[in-house]
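Chemist:
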Amino acid sequence: MRSISLLLLMTLGVSFFGYAQVSGKITDASDGMPIPGVTVIVQGTNVGTSSNFDGDYTIEAKTGDVLNFTFIGLKSQTLIVSSATANISMEEDAESLDEVIVVGYGSVKKKEVTGAVNRVKAKDIEQFVTSDIASRLQGQIAGVSVSASSGEPGEASNIQIRGITSLSGSNTPLFVVNGIPQIGDPGLSANEIETIDVLKDAASTAVYGSRGAAGVILITTKTGRDGVMSVDFDYTVGQQFLGVGTPLMNTADQLFYEINTANYFGGIDPATVNNPEWLGNDNNFEDYVLVDAAEVKTYNLNLSGGTEKFSYNASGSLYDQDGSLVNSNFKRYNGRISAQYNTDKWKINGSIATTNENRRRASEGLIVTASRYRPYFPEINPDADVAVVNSSGGTRTPAIALGQALKRKDDSNRDRTNVSLGIRRKLVENLDFITNVGSSITNDSRSIFRPKFDLFNIDDGTTESDPTLNGVTETATRTTKFSWDAGLDFKKEFGKHSVSAQAVVTLEEDNNKTFFASINGVSNNAITVLNGGTLNENVGSGFDYTTKRVGTLGRIQYNYDGKYIISALARRDGSSRFGRDFRWGTFPSVAAAWNVSSEPFWEPLKKVVNKFKLRLSHGQVGNDSFSDYEFASTIAPFADYIFSENDSSVDFGSSIRSYANRDVKWETSISNNIGVDISLFRNKVTLTADYYITKKEDMLFPVTLPGSSGALYDPSLILNVGNMTNKGLELAANYRASIGKSKFRIGATFTTNDNEITKVAGDGIIYNSNSSLISGDSDLYATTVIAEGYEAGAFFLHETSGTIKNIAERDLYRQFPSRANAEVGDLRYVDSNGDGNITAEDRTYHGSGLADFEYGINFNWDIGRFDFSMNWFGTSGAEILNGNKAAMYGWQRHQDLVNQWTPDNPTSNIPSFQGRGREHPNYAGTTDYWLEDGDYLRLKQVTLGYSLPEEACDKIGLTKLKVYLSGQNPITITGYDGYDPEVGGNNVARRGIDQSRYPISSTYSLGVKLSF
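The sequence shown begins at 654 in my numbering and counts up one residue at a time.
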């Protein structure tokens, strides 16, 4: 009886106080299968558990408690406890299933994507402190290669999608903002961006015709939301620091080296012999040109709100960066207002954006110019207009160069306005009319002031100045763009079938006008305008052009039951850059996808592999990426001539300045892509793999004509003379999981690109002009080539094998006719072709600036109120030609030269000084002596943030407050001897050549984010 009473009391107690335990089963709403690993937490407590392999869970809870169910890849759900049993079914997260991807002139659900398309969201790039969109994407998307052209404030990174697209034109992809094509980088701030979609394969980019030949980056800006107005503000302030650069000799080492050189190789005595008072000097070039702890600041403000039918968003930002080199700065103001109106029949969106950029560039080649100045020379006062020199110490030229470089001003301003309007009107059921119109106006101005700089000779007390070395140059450019497209969009579903079709016509017109003026003979450095000059006035027009493109496209997509999807597109393009007979081109593409995991036979595997999609695509895209009017000869006036020595006057006339190729035709890119998308363990793990082969046919390339042809001013002619192939593998993986209350996400990307030139006109090897390693060297010292069987921009260099160590080796080396005057200590070249001589024919392949593969690792971890993120990026297989090292050898400043070969140091492999590279082969820029491994691994950014509790925010009138610390480029692991191994270049000829580049710095920042 007592036992029965106790049992009854316990039962009544549970009924009165609520359930002590709640149990249940968690299943998938789509197939009823149990879901293991679901996190179950009693809201507002630390009480939690997770479901077992059969989807069962048990948790301590009472009536009225709220249970939170969360699982990566599924929609989070809540349940109020009302009984001892609580079963629940969970649905797949719409973000992974129904996320809408922009694909050009439309959008599709992620599940229906057939091409190689990737998306990056604002939250993935907002933590970077940079003015450049491209640098934020580095390591985020497989197949998108980003490299910094320099670390100068305001400089845009080079971005290539699936390798090199063009040998002569731009490899920069097309940027499209809110459906409107742009000219180059649109210069947006991260504060404006909602999503970035990248189209990589030809079947996807073909919708934009010739403009999309190098890939397409679709940017969608932020829009308003239905509800009360929200205000977001963030501010960061940081400081920048440079790493270690080219090692230079101090005064003691410099004197040791110069005395050795004078004694053993016939050099001149150090300048201190005639100027002993200089022995106390020990200049460090860093004191002249480097700015330690240069500041960078950002301000971002965003307002948004709206109603059910109307929404708005307004944003403003300021990016202000001081350079790590003197006289460099970048300041950009961005503003954008956008609005959307949505009803059953109308969808209208419009935006107005303005950008103002003010930029001061450091003097070109400043690092080399400053580095060549000997440490014992008289100290240069950057604020003075006079430098001290002597009559015999060799100080005149470096003093002028450094003095003017330190005081040179190179200021530019860019004002850009963009206006866009998009309209979608429902005509009848399943048929819409769509149109987009956009216009941009960009005004650029640039002013370069080269100051008057006097030299005071301490030997004779005279002062001299060369007025032709100073002056003012002004340039102004106005660029306008107008784009319009209109078409019909049809969508129809019947049963398990879905069909969509589009017909669109597009029109684009670009206009550019430029003029310049220059003058020499600056009379007063306080007067920095044209009126301050006194001689050599020059005024002229730049390269004015008008480019027109017209396109029509048709696209159709068929979808059966979400399983089988096929899309076909044909585009016909016309471009004014071609002659009348080759102005039009037709470019088709087709793509298909199979959602294998939607098949009945896949059901047994869904518990592990819940998604599996196979994609195939084939497409053709035309390319007109070359200068305007190449099909027409250029004739210019002022070609005056005297036909006879007896003529008493000059005959005025005109002449052909450049020849034309009226048969220049479309460069065609043919791409094939196969890809798979896989999701594992209810989307905890996602994998994407793509393999592509892209063939470039009839590639446009400038061919140099002989001088006898008469094309003196422009000896190049654009011809369709080459073929090229890009092959690559792209892998991307993401893993999302929870540990207790914390959530983390880790992603990785891996990219390979195998580039090969398969056809070149002529003898199969073309040395690229403008690829010399040392500034001032002619094209005879070109280092990169376009050659059959090698990647574009491959290094062709002389192989070397150390120095000549003794007389016997010297005599043997002198048997080569071109080396009959070789001496002990000279750099020994290898006779690679075995013809018994050292000639240009001995230059062989030595890699290139293109990496064999690139990889990125991205990590995010939310731990309660704290959040932590970091991004790593690395490359392998690229080579770098160290131009700074070569220049410092030639200017006799590199630290290595202390250990050059001498009779007292007979085992050294550092060649002795016999003159600069153009004077003697020891330091010529065409050898592998300057070649270094360009592999590196870099921590791109690391951020630690803390968000204030909601209760505390409420007390101070905020909805969110977050403070964070950030480091950008704090760690770089590399064996490269220069400032930085990230040596990019949109110019194929110069990729991998490090020649006095503005170095990339590390940045450490403190930031705060507020929401109202």
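In this text, a Cβ means the ideal position worked out from N, Cα and C, and glycines have one as well.
Alpha carbons only, please: which of 1614, 776, 773, 862 is nearest the one belonging to residue 1225?
Modeler: Cα-wise, what sits closest to residue 1225 is 862.
Chemist: Spell out a yes or no on whether the region 1464-1480 and the region 1530-1546 are touching, meaning 3 or more CB-CB pairs, one atom from each, closer than 8 Å.
Modeler: No: the two stretches stay apart, fewer than three of their Cβ pairs being nearer than 8 Å.
Chemist: Pick helix, strand or coil for residue 1655, following the three-state DSSP scheme.
Modeler: In this structure, residue 1655 counts as strand in the three-state DSSP scheme.
Chemist: Reducing DSSP to helix, strand and coil, say where residue 1487 ends up.
Modeler: It is coil, neither helix nor strand.
Chemist: When the Cα of residue 1406 is compared with those of 1378, 1510, 710, 1327, which residue comes out closest?
Modeler: The candidate whose alpha carbon is nearest that of residue 1406 is 1378.
Chemist: Could you round the C-beta distance between residue 1667 and residue 1443 to whole angstroms and report it? I think they count as a contact, below 8 Å.
Modeler: With the chain running from 654 to 1665 in the structure shown, residue 1667 is simply not present.
Chemist: Could you pull out every residue in the same chain whose Cβ sits closer than 6 Å to the Cβ of residue 1658, ignoring the five residues on either side in sequence?
Modeler: Within the same chain, residue 1658 has close Cβ partners 782, 889, 891, 1619.
Chemist: Please go through the same chain and pick out, in chain order, the residues whose beta-carbon is closer than 7 Å to the beta-carbon of residue 1284, but skip the five residues on each side of it.
Modeler: Same-chain partners within the cutoff: 1231, 1232, 1313, 1314, 1315, 1317.
Chemist: What are the uninterrupted segments assigned as alpha helix (DSSP H) that are 4 or more residues long and contained completely in the region 1529-1566, given in chain order?
Modeler: You should have 1536-1543.
Chemist: Is residue 1499 near the ligand ADP - that is, is its Cβ less than 7 Å away from at least one heavy atom of it?
Modeler: The ligand ADP is not part of the structure shown, which contains no ligands of any sort.
Chemist: Going by beta-carbon coordinates alone, are residue 984 and residue 1011 separated by less than 8 Å?
Modeler: In contact: residue 984 and residue 1011 (Cβ atoms closer than 8 Å).
Chemist: In angstroms, rounded to a whole number, what distance separates the CA positions of residue 1351 and residue 1380?
Modeler: Whole-angstrom Cα-Cα distance: 18 Å.
Chemist: Assess, as a yes-or-no matter, whether the region 980-995 is touched by the region 804-811 under the definition of 3 or more beta carbon pairs within less than 8 Å.
Modeler: Contact between the region 804-811 and the region 980-995 is present, because at least three Cβ pairs lie under 8 Å.
Chemist: Considering only the beta carbon of each residue, do residue 974 and residue 944 sit closer than 8 Å?
Modeler: Against a cut-off of 8 Å, the Cβ pair of residue 944 and residue 974 comes out as no contact.
Chemist: I'd like to confirm the pairing. Which residues does DSSP put opposite residue 1162 in its beta bridges?
Modeler: Answer is 1135, 1201, bridged to residue 1162.
Chemist: Taking only three categories from DSSP, how would you classify residue 1337?
Modeler: The answer is coil: DSSP assigns residue 1337 none of H, G, I, E or B.
Chemist: Between the C-alpha atoms of residue 1104 and residue 1123, what's the straight-line distance to the nearest angstrom?
Modeler: Distance between the alpha carbons of residue 1104 and residue 1123: 5 Å.
Chemist: Report yes if the CB atom of residue 1205 is closer than 8 Å to the CB atom of residue 1138, and no otherwise.
Modeler: No.
Chemist: Please say whether residue 870 and residue 828 have beta carbons closer to each other than 8 Å?
Modeler: Taking 8 Å as the Cβ cut-off, residue 828 and residue 870 qualify as a contacting pair.
Chemist: Counting beta carbon pairs with one atom in the region 1165-1175 and one in the region 1118-1134, are three or more of them shorter than 8 Å?
Modeler: Yes, since at least three Cβ pairs between the region 1118-1134 and the region 1165-1175 fall closer than 8 Å, the two stretches touch.
Chemist: Express the C-alpha separation of residue 1155 and residue 1223 in angstroms, rounding to a whole number.
Modeler: Answer to the nearest angstrom: the Cα atoms are 11 Å apart.
Chemist: Rounded to the nearest angstrom, how far is the Cβ of residue 1539 from that of residue 1427, given a contact under 8 Å?
Modeler: The pair is a contact, with the Cβ atoms about 5 Å apart (cut-off 8 Å).
Chemist: Judging by CA-CA distance, which residue of 1106, 879, 1082 is the nearest neighbour of residue 1060?
Modeler: Here the closest residue by C-alpha is 1106.
Chemist: Go to residue 1463, then tell me how far its alpha helix (DSSP H) extends in each direction, as first and last residue.
Modeler: 1460-1466 is the extent of the alpha helix (DSSP H) around residue 1463.
Chemist: Which parts of the region 1221-1306 are runs of the beta strand (DSSP E), unbroken and 3 residues or longer, counting only runs that do not cross its ends?
Modeler: With a minimum length of 3 residues, the continuous beta strand (DSSP E) runs that stay inside the region 1221-1306 are 1237-1248, 1262-1276, 1287-1289.
Chemist: Quick check: the Cα distance between residue 723 and residue 691, rounded to an integer number of angstroms?
Modeler: Using only the alpha carbons, I get a separation of about 6 Å.
Chemist: Taking 8 Å as the cut-off, decide whether the C-beta atoms of residue 854 and residue 1153 are in contact.
Modeler: Taking 8 Å as the Cβ cut-off, residue 854 and residue 1153 do not qualify as a contacting pair.
Chemist: Roughly how many angstroms lie between the CA atoms of residue 942 and residue 812, to the nearest whole one?
Modeler: If I take the Cα positions, the gap works out to 29 Å.
Chemist: Taking the alpha carbon of residue 1165 as the point to measure from, which residue in 1217, 1194, 976, 1240 has its own alpha carbon closest?
Modeler: When each option's Cα is compared against that of residue 1165, the closest is 1194.
Chemist: Which word fits residue 1277, buried or exposed, when buried means at least 16 other C-beta atoms lie within 10 angstroms of its C-beta?
Modeler: The residue is buried, with at least 16 neighbouring Cβ atoms inside 10 Å.
Chemist: Where does residue 764 land, buried or exposed, given buried means 16+ other C-beta within 10 angstroms?
Modeler: It is buried - the Cβ of residue 764 has at least 16 other Cβ atoms within 10 Å.
Chemist: What is the DSSP secondary structure of residue 1660, counted as helix, strand or coil?
Modeler: Residue state, collapsed to three classes: strand.
Chemist: Closer than 8 Å is the cut-off here; do at least three beta carbon pairs connect the region 1647-1656 with the region 1601-1621?
Modeler: A contact exists between the region 1647-1656 and the region 1601-1621.
Chemist: With a threshold of 16 other CB atoms inside 10 Å of the CB of residue 882, please say whether the residue is buried or exposed.
Modeler: Under this definition residue 882 is an exposed residue.
Chemist: By Cβ distance below 8 Å, which residues in the same chain neighbour residue 1547 in space, the five residues on each side in sequence not counted?
Modeler: These residues qualify, in order along the chain: 899, 900, 901, 902, 1538, 1541.
Chemist: Tell me whether the region 1440-1456 and the region 1487-1501 touch, counting them as touching only if at least three CB pairs, one residue from each stretch, are closer than 8 Å.
Modeler: Touching, yes.
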